[in-house]
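S.K.: In this note's numbering, the protein residues as written are 36 to 313. Glycine residues also receive a C-beta, built at the ideal position from the N, C-alpha and C atoms. Remember, it's a predicted structure, so these values are computed and weren't measured experimentally. Take this structure, written in structure tokens, and hold onto it; I'll ask about it next.
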Amino acid sequence: MPASLTTTFTNRILQGAAASLLVLALAGCSTTKDRMTTGSVPKLTKPVEEMDATELRSATDRLGRAYEKNPRDPVTGVNYANLLRMNGRDTQALAVMQQVAIANPADRNVLAAYGKAQAAAGQFQQALDTIGRAQTPDRPDWKLISAQGAILDQMGRASDARQRYRDALDIQPNEPSILSNLGMSYVLTGDLRTAETYLRSAASQPTADSRVRQNLALVVGLQGRFPEAEQIARRELSPQQADANVAYLRGMLSQQNSWQKLAAKDKTPQAAGDSNTN
Numbered sequence: 036m037p038a039s040l041t042t043t044f045t046n047r048i049l050q051g052a053a054a055s056l057l058v059l060a061l062a063g064c065s066t067t068k069d070r071m072t073t074g075s076v077p078k079l080t081k082p083v084e085e086m087d088a089t090e091l092r093s094a095t096d097r098l099g100r101a102y103e104k105n106p107r108d109p110v111t112g113v114n115y116a117n118l119l120r121m122n123g124r125d126t127q128a129l130a131v132m133q134q135v136a137i138a139n140p141a142d143r144n145v146l147a148a149y150g151k152a153q154a155a156a157g158q159f160q161q162a163l164d165t166i167g168r169a170q171t172p173d174r175p176d177w178k179l180i181s182a183q184g185a186i187l188d189q190m191g192r193a194s195d196a197r198q199r200y201r202d203a204l205d206i207q208p209n210e211p212s213i214l215s216n217l218g219m220s221y222v223l224t225g226d227l228r229t230a231e232t233y234l235r236s237a238a239s240q241p242t243a244d245s246r247v248r249q250n251l252a253l254v255v256g257l258q259g260r261f262p263e264a265e266q267i268a269r270r271e272l273s274p275q276q277a278d279a280n281v282a283y284l285r286g287m288l289s290q291q292n293s294w295q296k297l298a299a300k301d302k303t304p305q306a307a308g309d310s311n312t313n
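Next comes the structure, spelled out in structure tokens:
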């Protein structure tokens, strides 16, 4: 894929995540298991990834007030930073996580969230270092390994990223979020057929959520099969959410015929493996 197209596509992925079209994990920002916790943190009426823009802003405001009351609390800080990133406020999310990490320097969840915030802000090497500190060699966390893969993808190190995804799959076989990240890694290098194979496997898992299927819809659409992509995009979503996702998908696929360029690249003969994807 040409460098300019890769940059445009990556930026669109990050923008689309806030609209619930794509899995944020490609930017190392969340996992399929992330949910808001209860206790002193304001309760939410639905999972974060299913919120529309208005609901996200409202939830962010409420979590912001809770964070102001207790900025050292790790649960509040992590959840608030997650919402800030979903609203595209990466710099503010990073500032929140810096303070929470200072107050909780040995908390694995805090370090992981701090690394994700660094990655979202473009501080990729720092993010790798932070997430590495959160990892425990004798009890490796597959979510952290997958997050490392997502960061490496952002750095253009596709082969290294895919090895990390496979390492994560060794620990958590058939985990849909890892398979989805692996599929999206191939999207970023223009190998749409391989990407679709992994994303279909991810979407077929019982624990797959709607974001995995939205990634599959994107890849199918990028190959020019828009009616099929629209059908996938509308599954399990409210009409409002589905319309928003389909509109975004249409806009993305019509942008400078980017899907045609990707599809043309995908049809060129390539040797098996990852050696030509960097």
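Taking DSSP as the reference, what is the three-state secondary structure of residue 188?
M.R.: Three-state DSSP puts residue 188 in a helix.
S.K.: Within 10 angstroms of the Cβ of residue 270, are there 16 or more other Cβ atoms? Answer buried if so, exposed if not.
M.R.: Exposed is the call here.
S.K.: What's the gap between the Cα of residue 92 and the Cα of residue 141?
M.R.: Between residue 92 and residue 141, the C-alpha separation is close to 31 Å.
S.K.: Just to confirm the assignment: which complete alpha helix (DSSP H) runs, minimum length 4, are found wholly within the segment 149 to 214?
M.R.: Correct list: 159 to 169, 177 to 189, 193 to 206.
S.K.: Hey, quick one: how far does the alpha helix (DSSP H) through residue 224 stretch, first residue to last?
M.R.: First-last for residue 224: undefined, no H or E at that position.
S.K.: What is the rounded straight-line gap between the Cα of residue 2 and the Cα of residue 123?
M.R.: In the structure as shown, the chain begins at 36 and stops at 313. Residue 2 is therefore absent and cannot be evaluated.
S.K.: Can residue 147 and residue 132 be called in contact, C-beta distance under 8 Å?
M.R.: Cβ distance not < 8 Å, so residue 147 and residue 132 don't count as in contact.
S.K.: What residues in its chain sit with their C-beta under 7 Å from that of residue 237, if we drop five residues either side in the sequence?
M.R.: If we look at residue 237 and ignore the five residues flanking it on each side, its Cβ neighbours are 211, 214, 215, 218, 243, 247.
S.K.: Where do the ends of the alpha helix (DSSP H) carrying residue 95 lie?
M.R.: Looking at the DSSP string, the run of the alpha helix (DSSP H) that includes residue 95 is 88 to 104.
S.K.: Going along the chain, which residues of its own chain have a beta-carbon closer than 6 Å to the beta-carbon of residue 180, five neighbours each way excluded?
M.R.: 199, 202, 203.
S.K.: Taking Cβ positions, are residue 196 and residue 220 nearer each other than 8 Å?
M.R.: Yes, they are a contact pair.
S.K.: How big is the Cα-Cα spacing for residue 101 and residue 192?
M.R.: When rounded, the distance between both Cα atoms is 38 Å.
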